[in-house]
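To start, the structure itself, in structure tokens.
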Amino acid sequence: MVRAWPWWVRVLLLYTASRLFSAAVLDRVARFQEPNPWTGPDPGLGGVLLMWDAAWYREIAERGYPDVVSRTPDGRPLQSALAFYPLFPLLVRVVTAATGVPFAVAGPLVAVLLGAGAALVAHRAVHAALSAAGAGEAAAGRGAWAAVVLLCTYPASPVLLAPYSEGLALLLLGAFLLQLVHRRYLAAAALALLLGLARPVAAPLLAVVLAHVAVRAVRWWRAGRPWGRPQAAVAARAAVLLLASGAAGLLWPAGTWWLTGRHDAHLATMAAWRGGGEVVLVQPWWDVSQYLLGEVAGPVALLLVLGGHAALLLSRRAAPLGPELRAWCLAYVAYLVLVQDPFTNLVRYLLLLFPLGALLEVGPGRAAAASGAPGGSAGGGGQGVGVLAAVACASLFLQVLWVASLWHFTPPADWSP
């Protein structure tokens, strides 16, 4: 009976149920929360949602950004709001100005609504990519559903209740990928620029656009199609998208330069969150792997994990995702390894790899089997549903551990979620 409901109804019901579960977990953990820099003891659900980075977004929404890069007496940069991108707090500020409700209400409300939109758009983006890659309606529907199920039950998905920018980033990323798959390049360009003001993910976006353009160019060349005015117009729009994707990564660094008068304001502020007080590329992953597993075993394990991820996405197994989603999942992980330290907040960052969930339900064999069966579950759908349910339950269990171990703050200092 549930399968007969419209896809968007099922997605919203799943999102609502999963958020209620996350709220219950957060509320329970809040009862054991000690006094901390943001709340008193036992702050309840409303208080615990305003911890961690939510406090930075609150500062931006209520007071704006600083106009200087703060430093210690010995010259080291201090953490400040300049590290946080402006689009989410700006949206919350608009809501508070229009309704009069405080950030403590508007922030979580905006985050929850953005998360709902993100779940809907993620479903459409994965469905469109699978269909464009040759999957039938049944296979595309199963794959899109699996991606949304794992997105909503992901261990770090409770962050979609808090005033964080993850819901906004998911919404914009899903919409960008959807427009790219449909070759609506100008709409994708606008979304890329918005994403450049929401999260620091413009570099992998540019890689995805380059992969898309390369695939389209090769297909056009192999088909021996003539070059004319329509093709030139498409190429011009694709060029606009390439420029916008590249420019998106410069928007907020340029914004912090304008605010502070320092061209390195954003980089200097980001360095305050790094262990050595500076942004170091790649090396922290090598160092942490050696610290955790040993001088030889650590780097070997790191290379095996990264190599396995790349091998999966370049293999026939991932072919149903299409070039855009495969390129995103490859480029985003490469970006994280290049510029992010392997810290506990990495679990939260991996939310943006939501397309990978589709692989639990869709593979080359299943896609072919279902290509002529709209609405059905051909090609092993029953087995896939069992695997999906098991993985979702495991994710919910890990969600409890994530909240209890990372969102819960143990004074005087603790690892951030």
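Residue 1 is where the sequence shown starts when you use the UniProt record's numbering, and the numbers rise one by one after that.
Where a beta carbon is used, it is the ideal one built from N, C-alpha and C, also for glycine.
Being a predicted model, the structure only gives us computed values, none of them experimental.
- In this structure, residue 160 places its C-beta atom within 8 angstroms of the C-beta atom of residue 19.
- Residue environment: residue 397 is assigned as exposed (fewer than 16 neighbouring CB atoms within 10 Å of its CB, all protein chains considered).
- Per DSSP, residue 136 is not a residue of any alpha helix (DSSP H), being assigned neither H nor E.
- Among the bridge pairs identified by DSSP, residue 77 is matched with 71.
- A residue is called buried when at least 16 other Cβ atoms come within 10 angstroms of its Cβ; residue 92 meets this threshold and is buried.
- Straight across, the Cα-Cα distance linking residue 122 with residue 95 is about 24 angstroms.
- In the structure shown, the three-state DSSP call for residue 8 is helix.
- Within the region 286-340, the alpha helix (DSSP H) runs of at least 4 residues that lie entirely inside it are, in chain order, 297-314 and 322-339.
- C-alpha of residue 162 to C-alpha of residue 194: approximately 21 angstroms in a straight line.
- Remark: fewer than three beta-carbon pairs, one from each stretch, lie closer than 8 angstroms, so the region 120-137 and the region 48-66 are not flagged as touching.
- If the five residues before and after residue 21 are omitted, its C-beta is found closer than 7 angstroms to the C-beta atoms of 396, all from its own chain and listed in chain order.
- Secondary structure note for residue 266: its alpha helix (DSSP H) is the uninterrupted segment 265-271.
- With contact defined as three or more Cβ pairs closer than 8 angstroms, the region 300-318 and the region 126-135 are not in contact.
- In the three-state reduction of the DSSP assignment, residue 185 falls in the helix class.
- Straight-line measurement puts the Cα of residue 204 at about 29 angstroms from the Cα of residue 293.
- Rounded to whole angstroms, the separation of the alpha carbons of residue 165 and residue 332 is 17 angstroms.
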